[in-house]
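Data first, discussion second: the structure below is written as C-alpha cells.
2 protein chains.
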Amino acid sequence: MTMNVRTLCLGILSMREATGYEIRKMVEEGVFSHFIDASYGSIYPALARMLKEGLVQVRMEAGEQGRPARKVYSITARGQAALDEALATDPARDKFKSEFLFQMMFARRIDPDHLAVIYDAYIEEQERELQLLEEEVQRCPPEDAGARFVADYGRTMLGTAIAFLKQRREEVLCAFTENNQEAGPPTTEPTGKEEQPS
Amino acid sequence: MTMNVRTLCLGILSMREATGYEIRKMVEEGVFSHFIDASYGSIYPALARMLKEGLVQVRMEAGEQGRPARKVYSITARGQAALDEALATDPARDKFKSEFLFQMMFARRIDPDHLAVIYDAYIEEQERELQLLEEEVQRCPPEDAGARFVADYGRTMLGTAIAFLKQRREEVLCAFTENNQEAGPPTTEPTGKEEQPS
DNA sequence: GTGAACATGTAACAAGTTACATGATTGA
DNA sequence: TCAATCATGTAACTTGTTACATGTTCAC
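In order, the protein sequences belong to chains A and B.
Count along the first sequence from 1, add 92, and you get the number used in my numbering.
Count along the second sequence from 1, add 92, and you get the number used in my numbering.
Listed below in C-alpha cells is the structure:
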C-alpha cells in the first residue's frame with residue numbers, strides 16, 4: 093500500500109477531525125508513534141495538497157482565548173475512497189532500523205563501561221515506551237478493536253524485548269568485554285592515505 | 093550515532109574485506125537485513141567517498157574465470173577510528189515502520205476476505221524471516237558474540253510476533269468483520285470538491 | 001537461448017527532515 | 001522573565017531509492 097504521510101493523515105481524519113498540529117502530536121505521542129513517522133514539514137504540505145485535490149476540507153476556527161486561529165481538517169467522501177483504496181493494497185515489508193542493534197553487533201569495539209551505559213539506557217527507553225503504550229491502552233475506547241490490537245501487539249513485543257535484554261545483560265557485558273580489542277580486521281594495517289585508483 | 097550507509101560499510105569491512113556487491117548481499121540477506129537498509133545506489137557512492145577520504149582501501153582483483161573485475165575494499169586504520177567514533181555515540185531511537193499495523197488499525201474498513209489474505213500473508217512472511225534467521229544463526233561462528241546476540245534478539249522477537257498473530261487471528265477476523273462499515277467519520281459527508289480557502 | 005548470479009556505477013527522482021520565521025498565552 | 005504549549009507554514013537540504021547502462025559466465 094502507499095503508506096505515506098498523506099495516507100496517514102487520511103487515516104487519522106477518518107477517526108476524527110483534527111488540525112495539522114494535532115495530527116503531528118498523535119504521530120509523535122500516540123499509538124501511531126510506534127510504527128510511523130511524520131513531522132510538520134511533511135504533514136502541512138500533505139494537508140494542503142489534499143485540500144486542493146478535494147480529499148479533505150477545512151473549517152477555520154477562531155482562536156479561543158487568544159490562541160492562534162486553527163484550521164480544523166476533516167475527510168471528504170473522496171478522501172475516504174482514497175483511504176480505502178490505499179488500505180486495500182498489499183502492505184510493504186516492515187522496516188526496522190536499529191542503531192542499538194548495530195552497536196551490539198560491534199559491541200566488542202566499544203569501551204565496556206560505555207557499553208553498559210548504552211545497554212541500560214536502551215532498556216530504560218523500552219520501558220518508557222511500554223509504559224506509554226500501557227497508558228494509551230487505558231485511554232483508547234474499548235470498541236476500537238484496531239487500536240486495541242495494535243496496542244496489544246506493541247505491549248507484547250516491548251515486553252519480550254525488555255525481558256530478553258535484562259536476561260542477557262550480564263552475559264553481554266562480560267563476554268563482550270573479555271575479548272575486547274582482540275578481533276582485528278584481516279587488513280595489513282595501513283596508517284596513511286594510500287589510494288589504489290582503478 | 094551516525095548510522096548511515098558509510099558506517100554500515102565500515103562495520104562490515106571491519107569484519108572482513110568485501111566488494112560493494114558483497115556488502116549489499118549481506119545487507120539484503122544477512123543478519124543486517126533485519127535492522128538496516130542499503131541499496132547499490134547508496135553503497136557504491138559511500139565506498140567511493142570513503143576511499144577518497146582514506147577510510148578504506150581497494151585492491152583490484154582480476155575477474156577469475158571470466159568474472160568481471162572486482163574491487164575488494166578493506167578498512168584502514170583511519171576507517172577503524174571513524175567506526176569506533178560512530179560506535180561510541182549515543183544510538184538514535186529505533187525506527188519501526190509497519191504498513192501492516194497501519195492496516196490493522198483501520199481493519200474495519202478493509203473487505204473481510206481480503207483482510208484474511210493480508211493477515212495470513214503477513215504471518216507467512218514473518219515465518220520466512222524467522223527461518224532465514226535460524227539458518228544464519230547456524231552459519232555464524234560461535235565466537236562472534238555480537239552476531240549471536242542480534243540473531244537471538246531477532247529470533248525471540250519474531251517468535252513472539254508469530255505467536256501473537258496466530259493467537260489473535262480468529263478474534264481479529266471476526267470482531268473486525270462484524271462492525272464493518274459501521275464507524276463513519278464525524279463529517280457532514282460532502283461529495284464534491286468544496287474548498288474553504290484560508 | 002534464457003535467466004540468474006556476478007559486478008560496478010550513474011542520474012534522475014522521491015520523500016521527508018531540519019531549521020527557520022512568526023506570534024500569542026500561560027504557568028513557574 | 002523564561003520556557004513550554006499552541007499553531008502554521010516554507011525552503012534548503014539530506015538521504016537514499018529506482019531505474020538505467022553494461023557485460024560475463026554458468027546452468028538449465
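Every residue gets a Cβ at the ideal spot worked out from N, C-alpha and C, and that includes glycine.
Please report the Cβ distance between residue i and residue j, rounded to the nearest whole angstrom; I am assuming they are in contact, meaning their Cβ atoms lie under 8 Å.
| i | j | result |
| --- | --- | --- |
| Ile254 (chain A) | Glu219 (chain A) | 6 Å |
| Val82 (chain B) | Arg247 (chain B) | Summary: the structure shown does not reach residue 82 (chain B), with chain B confined to residues 93 through 290, and so no result is reported for it. |
| Met93 (chain B) | Asp182 (chain B) | 7 Å |
Specify the secondary structure class of residue i as computed by DSSP and reduced to three states.
| i | result |
| --- | --- |
| Ala267 (chain B) | helix |
| Arg151 (chain A) | strand |
| Ala110 (chain A) | strand |
| Asp129 (chain A) | coil |
| Glu235 (chain B) | coil |
| Ile104 (chain B) | helix |
| Thr252 (chain B) | helix |
| Thr94 (chain A) | coil |
| Pro145 (chain B) | The residue you asked about is not Pro; residue 145 (chain B) is Glu in the sequence shown. Reduced to three states, the DSSP call for Glu145 (chain B) is coil. |
| Gly246 (chain A) | helix |
Can you give me the C-alpha to C-alpha distance between residue i and residue j, rounded to a whole angstrom?
| i | j | result |
| --- | --- | --- |
| Asp203 (chain A) | Ala180 (chain B) | 8 Å |
| Asp244 (chain B) | Ser106 (chain B) | 22 Å |
| Glu121 (chain B) | Leu225 (chain B) | 9 Å |
| Phe268 (chain A) | Met196 (chain A) | 9 Å |
| Leu139 (chain B) | Leu175 (chain B) | 14 Å |
| Phe192 (chain A) | Phe198 (chain B) | 31 Å |
| Gly112 (chain A) | Cys101 (chain B) | 38 Å |
| Ala291 (chain A) | Gly238 (chain A) | Residue 291 (chain A) is absent from the structure shown; chain A starts at 93 and stops at 290. |
| Ile215 (chain B) | Gln223 (chain A) | 27 Å |
| Arg98 (chain A) | Met142 (chain A) | 8 Å |
| His126 (chain B) | Met95 (chain A) | 20 Å |
| Gly251 (chain B) | Ile128 (chain B) | 20 Å |
| Glu221 (chain A) | Gln259 (chain A) | 19 Å |
| Gly133 (chain B) | Arg162 (chain A) | 42 Å |
| Pro137 (chain B) | Asp186 (chain A) | 26 Å |
| Ile104 (chain B) | Ile115 (chain B) | 7 Å |
| Gln149 (chain A) | Ala130 (chain B) | 39 Å |
| Pro160 (chain A) | Met152 (chain A) | 11 Å |
| Arg201 (chain B) | Glu109 (chain A) | 17 Å |
| Tyr165 (chain A) | Lys144 (chain A) | 13 Å |
- Let me know the alpha helix (DSSP H) ranges lying completely inside the segment 153-210 of chain A, each 4 residues or longer, listed in chain order. 169-180 and 191-197
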